[in-house]
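Engineer: Quick note on numbering: the sequence shown equals residues 6 to 413 in my numbering.
First the structure, then my questions, so here it is.
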Amino acid sequence: MSALALNGGEAELARWGGLPHWPRVREGDEEALLGVLRSGNWGSTAGDQVARFQQEFAAYQGADEGIALVNGTLAIVAALRACGVGLGDEVIVPPYTFIATAAAPLLVGAVPVFADVDPDSHLMDPEAVRSVITPRTRAIIPVHLGGRAADMDTFRQIAAEHDLRVIEDCAQAVGARYKGAGVGTLGDVGTFSFQSSKNMSAGEGGAVVANSSSMGERLYSLINVGRVRGGGWYEHRNLGYNLRMTEFQGALLRRQLHHHPGDQEVRERNALILDEELRGVDGLYLSAPDPNLTSHGRHLYLMRVPELGRKGLRDTAVDALKAEGVEASTGYVPLHRNRAILDGTRALAKSLGQELPASHCPMAELVSRDTMWLPQQALLGDDELTHAIARAVRKVVGAAAELDAIAK
Numbered sequence: 006m007s008a009l010a011l012n013g014g015e016a017e018l019a020r021w022g023g024l025p026h027w028p029r030v031r032e033g034d035e036e037a038l039l040g041v042l043r044s045g046n047w048g049s050t051a052g053d054q055v056a057r058f059q060q061e062f063a064a065y066q067g068a069d070e071g072i073a074l075v076n077g078t079l080a081i082v083a084a085l086r087a088c089g090v091g092l093g094d095e096v097i098v099p100p101y102t103f104i105a106t107a108a109a110p111l112l113v114g115a116v117p118v119f120a121d122v123d124p125d126s127h128l129m130d131p132e133a134v135r136s137v138i139t140p141r142t143r144a145i146i147p148v149h150l151g152g153r154a155a156d157m158d159t160f161r162q163i164a165a166e167h168d169l170r171v172i173e174d175c176a177q178a179v180g181a182r183y184k185g186a187g188v189g190t191l192g193d194v195g196t197f198s199f200q201s202s203k204n205m206s207a208g209e210g211g212a213v214v215a216n217s218s219s220m221g222e223r224l225y226s227l228i229n230v231g232r233v234r235g236g237g238w239y240e241h242r243n244l245g246y247n248l249r250m251t252e253f254q255g256a257l258l259r260r261q262l263h264h265h266p267g268d269q270e271v272r273e274r275n276a277l278i279l280d281e282e283l284r285g286v287d288g289l290y291l292s293a294p295d296p297n298l299t300s301h302g303r304h305l306y307l308m309r310v311p312e313l314g315r316k317g318l319r320d321t322a323v324d325a326l327k328a329e330g331v332e333a334s335t336g337y338v339p340l341h342r343n344r345a346i347l348d349g350t351r352a353l354a355k356s357l358g359q360e361l362p363a364s365h366c367p368m369a370e371l372v373s374r375d376t377m378w379l380p381q382q383a384l385l386g387d388d389e390l391t392h393a394i395a396r397a398v399r400k401v402v403g404a405a406a407e408l409d410a411i412a413k
C-alpha cells in the first residue's frame with residue numbers, strides 16, 4: 006500500500022482537489038432570490054414564498070402542518086413549548102448529538118437527562134431511556150443522527166406507557182422514511198434544520214412539522230409573537246417570539262426542495278458503493294442495515310475504528326483522511342461532558358432544589374472515541390470519486406503502524 010499523503014505520499018483525491026462543494030448554486034437560484042428582492046416583499050408577512058415552502062415541505066415529509074422559522078435550535082425550543090414542556094420538567098436526550106438537542110430544554114427551563122446510545126447505530130437506546138424516566142419526565146427527543154431514523158416504534162410505546170411527548174430531532178434527516186412514513190410525523194412533532202451543512206440549506210433556517218392542527222396553531226402563535234391565524238396584527242393572544250423566516254430563505258429552500266430527491270438518489274447510490282467497498286475491512290465497522298429504514302437521510306457516513314480508537318489514533322486517522330482530500334471529522338464529544346450543558350443543568354437544578362441528574366453513558370464515550378464521519382457532500386460525486394474515497398479510507402485504516410509513527 007502506498008504511503009499516506011500525511012507522510013509524503015500522493016493524495017488519493019489529488020485529481021479532484023477534494024470533495025464536491027456544498028451548498029451548490031444551481032440554475033434558477035439567482036432568479037428566485039432576485040424575484041424576492043425586486044418584489045419588495047422581503048418578510049413572510051408580505052410575500053408568499055415562506056407560506057408555499059411550508060406547504061410543500063410538510064407534504065414532502067408527509068405532515069399536515071409545517072411551520073418555517075429561523076433555525077433548527079429554536080425549532081426544538083418552539084416544539085418543546087408547544088408540547089407544554091417547561092420549568093422543572095425533565096427531557097430525555099441522547100449524549101451523542103449536536104449541542105442544540107440538550108440546550109433547547111434548558112432554554113425553556115427544563116432539565117436535559119441523558120440516555121446512552123447503541124454503539125452500532127449511534128442512536129439513543131430505548132432501554133437506556135426506560136432506565137432514566139422519573140415522575141418529572143415530560144418528553145423524549147430521539148435524534149435521527151446522520152439521517153438514520155431512530156427506533157420510533159419503541160419510543161412511541163415508551164411514550165404511551167408514561168404519558169410522554171415525543172419530539173423528533175430531524176435536523177440531519179430530511180427525506181428519511183421509517184416504515185414508509187416521513188420522519189417528523191412519527192411523534193408529536195418533528196424539527197428540522199437548514200443550516201449550511203445540511204442536505205437542504207438556505208445558510209440558516211429551520212422547520213417544525215406535525216399532524217395535529219392544534220399543534221400547528223400553537224407553533225404558528227409561538228413563532229409569530231403570540232398572534233393567531235386569522236387574528237389582527239396587534240392581537241397577541243399568547244406569549245411568543247418573532248422567529249419568522251425571510252422570503253429570501255423561503256425562495257431558496259423551495260429551490261433546494263426541488264433538487265432534494267435527485268440529490269438523495271446520488272447520495273444513496275454512492276453510500277451503497279462505499280458500503281460494498283468498506284464493509285468487512287479489517288478494523289473498520291459500519292452500522293448494520295435496519296429493515297425499518299425505508300429511506301436513509303444520508304447526511305453523514307459514519308464509520309467506527311475501535312482498534313485505532315483504543316490506541317489513541319482516531320484523530321490522526323482523520324487528519325490522514327483530510328490529507329488524502331477527504332474532509333472527514335472526529336464527530337461529537339458527548340454532551341454529558343459538555344461544560345456549558347453541565348453548568349446550565351447544575352444551575353437550573355440548584356434553583357429548583359433538585360439533585361443534578363446522574364449521567365452514565367459508557368457507549369457514548371466509546372462511540373465518541375472510535376467514530377469517523379464523512380459529510381454528505383462526500384456522497385455527491387461520481388462513481389470514480391466514490392471509489393477514490395473508499396481507497397483513501399482503506400489506505401488510512403490499514404496504516405496503523407504509519408499512523409502511530411506520525412502520532413509520536
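Think of the CB as a built atom: it goes at the ideal place given N, C-alpha and C, for glycine as much as any other residue.
I want to know whether the stretch 174-193 touches the stretch 143-158 - three or more CB-CB distances under 8 Å.
Structural biologist: The stretch 174-193 vs the stretch 143-158: in contact.
Engineer: Report yes if the C-beta distance between ILE145 and VAL137 is below 8 Å; otherwise report no.
Structural biologist: Along the sequence shown, read from residue 1 onward, the residue named residue 145 stands at position 140. Along the sequence shown, read from residue 1 onward, the residue named residue 137 stands at position 132. Cβ atoms of ILE145 and VAL137: not closer than 8 Å.
Engineer: Which two residues bound the contiguous alpha helix (DSSP H) that contains LEU79?
Structural biologist: As a position in the sequence shown, residue 79 is number 74, starting the count at 1. It spans 77-87 - the alpha helix (DSSP H) in which LEU79 sits, taken as one unbroken run.
Engineer: Spatial neighbours of PRO100 within its chain, please: C-beta separation below 6 Å, excluding the five flanking residues on both sides.
Structural biologist: In the sequence shown, residue 100 corresponds to position 95, counting from 1. Closer than 6 Å at Cβ, skipping near neighbours: PHE119, PRO339, LEU340, HIS341, CYS366, ALA369.
Engineer: What number of angstroms, rounded off, separates the C-alpha of VAL230 from the C-alpha of LEU248?
Structural biologist: In the sequence shown, the residue the question calls residue 230 occupies position 225. In the sequence shown, the residue the question calls residue 248 occupies position 243. Rounded to whole angstroms, VAL230 to LEU248 spans 8 Å at the Cα level.
Engineer: Does the CB of VAL213 have a neighbour CB from chain C at under 8 Å?
Structural biologist: In the structure shown, chain C cannot be found, because there is only a single protein chain.
Engineer: Can you tell me whether VAL134 sits near the ligand PLP, meaning its C-beta is under 7 Å from at least one heavy atom of the ligand?
Structural biologist: For the ligand PLP, the structure offers nothing, since it holds no ligand at all.
Engineer: Nearest CA to the CA of ALA186: which residue from GLY317, SER126, GLY302, GLN359?
Structural biologist: Position 181 of the sequence shown holds residue 186. The candidate whose alpha carbon is nearest that of ALA186 is GLY302.
Engineer: Identify which residue in ALA63, ALA405, ARG223 has its Cα closest to the Cα of GLY245.
Structural biologist: Taking the first residue of the sequence shown as position 1, residue 245 is located at position 240. Closest option to GLY245, Cα to Cα, is ARG223.
Engineer: Classify PHE199 as helix, strand or coil using the three-state DSSP reduction.
Structural biologist: Here residue 199 refers to the residue found at position 194 of the sequence shown. Reduced to three states, the DSSP call for PHE199 is coil.
Engineer: For GLY14, which of LYS413, LYS400, LEU227 has the nearest alpha-carbon?
Structural biologist: Along the sequence shown, read from residue 1 onward, the residue named residue 14 stands at position 9. Closest option to GLY14, Cα to Cα, is LYS400.
Engineer: Would you report the Cα separation of ASP388 and MET220, rounded to the nearest angstrom?
Structural biologist: Position 383 of the sequence shown, counted from the start, is the residue given in the question as residue 388. Position 215 of the sequence shown, counted from the start, is the residue given in the question as residue 220. Distance between the alpha carbons of ASP388 and MET220 is about 44 Å.
Engineer: My output table needs one value for VAL148: the three-state DSSP class, helix, strand or coil.
Structural biologist: Looking up residue 148 in the sequence shown gives position 143. Here VAL148 sits in strand by DSSP.
Engineer: On a CA-only basis, which of ALA8, SER7, GLU17 is nearest VAL331? Give me that one, please.
Structural biologist: Here residue 331 refers to the residue found at position 326 of the sequence shown. Ranking the options by Cα distance to VAL331, first place goes to GLU17.
Engineer: Here's a check: name, in chain order, each residue in its chain whose Cβ is nearer than 8 Å to the Cβ of ASP123, leaving out the five neighbours to either side.
Structural biologist: Against the sequence shown, residue 123 aligns to sequence position 118. Only MET129, ASP130, MET368 meet the Cβ criterion.
Engineer: For the beta strand (DSSP E) that LEU305 lies in, which residues bound it at each end?
Structural biologist: As a position in the sequence shown, residue 305 is number 300, starting the count at 1. Residues 305-309.
Engineer: Does DSSP put MET205 in a helix, in a strand, or in coil?
Structural biologist: Sequence index remark: in the sequence shown, residue 205 carries index 200 (1-based). In this structure, MET205 counts as coil in the three-state DSSP scheme.
Engineer: Using the C-alpha atoms, what's the distance from ALA215 back to ARG242?
Structural biologist: Position 237 of the sequence shown, counted from the first residue, corresponds to residue 242. Position 210 of the sequence shown, counted from the first residue, corresponds to residue 215. One C-alpha to the other measures close to 22 Å.
Engineer: Alpha carbon to alpha carbon, how far is GLU273 from SER206? Give it in angstroms, no decimals.
Structural biologist: Taking the first residue of the sequence shown as 1, we reach residue 206 at position 201. Taking the first residue of the sequence shown as 1, we reach residue 273 at position 268. Roughly 19 Å between the two C-alpha positions.
Engineer: Taking the CB atoms as reference points, tell me whether VAL213 and ILE72 lie closer together than 8 Å.
Structural biologist: The count along the sequence shown starts at 1 and reaches residue 213 at position 208. The count along the sequence shown starts at 1 and reaches residue 72 at position 67. Contact: yes.
Engineer: Using a Cβ-Cβ cut-off of 8 Å (strictly less than) and excluding sequence neighbours within five positions of HIS26, which residues of its own chain qualify?
Structural biologist: Translated into positions along the sequence shown, residue 26 becomes position 21. So the qualifying residues of the chain are GLN382.
Engineer: Assign PRO147 to buried or exposed, taking buried as 16 or more other Cβ atoms, counted over all protein chains shown, within 10 Å of its Cβ.
Structural biologist: Counted from its first residue, the sequence shown places residue 147 at position 142. The residue in question, PRO147, is buried, as its Cβ has 16 or more Cβ neighbours within 10 Å.
Engineer: Using 8 Å as the threshold, is the C-beta distance between LEU283 and LEU277 below it?
Structural biologist: As a working note, residue 283 is residue 278 in the sequence shown. As a working note, residue 277 is residue 272 in the sequence shown. Their beta carbons are not under 8 Å apart, which means LEU283 does not touch LEU277 by this criterion.
Engineer: Take SER373 and list the residues in its own chain whose beta-carbon comes closer than 8 Å to its own, dropping the five residues that flank it on each side.
Structural biologist: The residue you call residue 373 lines up with position 368 of the sequence shown. Once the five neighbours on either side are set aside, the close Cβ partners of SER373 are TYR101, GLY336, TYR337, VAL338, PRO339.
Engineer: Please report the Cβ distance between GLY195 and HIS304, rounded to the nearest whole angstrom; I am assuming they are in contact, meaning their Cβ atoms lie under 8 Å.
Structural biologist: The residue you call residue 195 lines up with position 190 of the sequence shown. The residue you call residue 304 lines up with position 299 of the sequence shown. About 15 Å; that fails the 8 Å criterion.
Engineer: Since PHE119 is in the beta strand (DSSP E), which residue starts that stretch and which ends it?
Structural biologist: Looking up residue 119 in the sequence shown gives position 114. Counting along the chain, the beta strand (DSSP E) containing PHE119 begins and ends at 116-119.
Engineer: Name the two residues that bound the continuous beta strand (DSSP E) containing MET377.
Structural biologist: For the purposes of this step, residue 377 is taken as residue 372 along the sequence shown, with counting starting at 1. Note, MET377: beta strand (DSSP E), 376-380.
Engineer: What residue does the alpha helix (DSSP H) around VAL134 start on, and which one ends it?
Structural biologist: Looking up residue 134 in the sequence shown gives position 129. Residues 131-137.
Engineer: Enumerate, from N- to C-terminal direction, the unbroken alpha helix (DSSP H) stretches of 4 or more residues contained entirely within the stretch 14-80.
Structural biologist: Whole alpha helix (DSSP H) segments, 4+ residues: 34-44, 54-66.
Engineer: Under a Cβ-count criterion, where at least 16 other Cβ atoms within 10 Å of its own Cβ denotes burial, should TYR239 be classed as buried or exposed?
Structural biologist: What you label residue 239 is simply residue 234 of the sequence shown in a count that begins at 1. Classification for TYR239: exposed.
Engineer: Can you check DSSP and say which residues form a bridge with THR142?
Structural biologist: The residue labelled residue 142 in the question sits at position 137 within the sequence shown. Paired residues: GLU95.
Engineer: Taking a contact to mean a Cβ-Cβ separation below 8 Å, would you say PRO311 touches ASP409 in this structure?
Structural biologist: Position 306 of the sequence shown, counting from 1, holds the residue named residue 311. Position 404 of the sequence shown, counting from 1, holds the residue named residue 409. Against a cut-off of 8 Å, the Cβ pair of ASP409 and PRO311 comes out as no contact.
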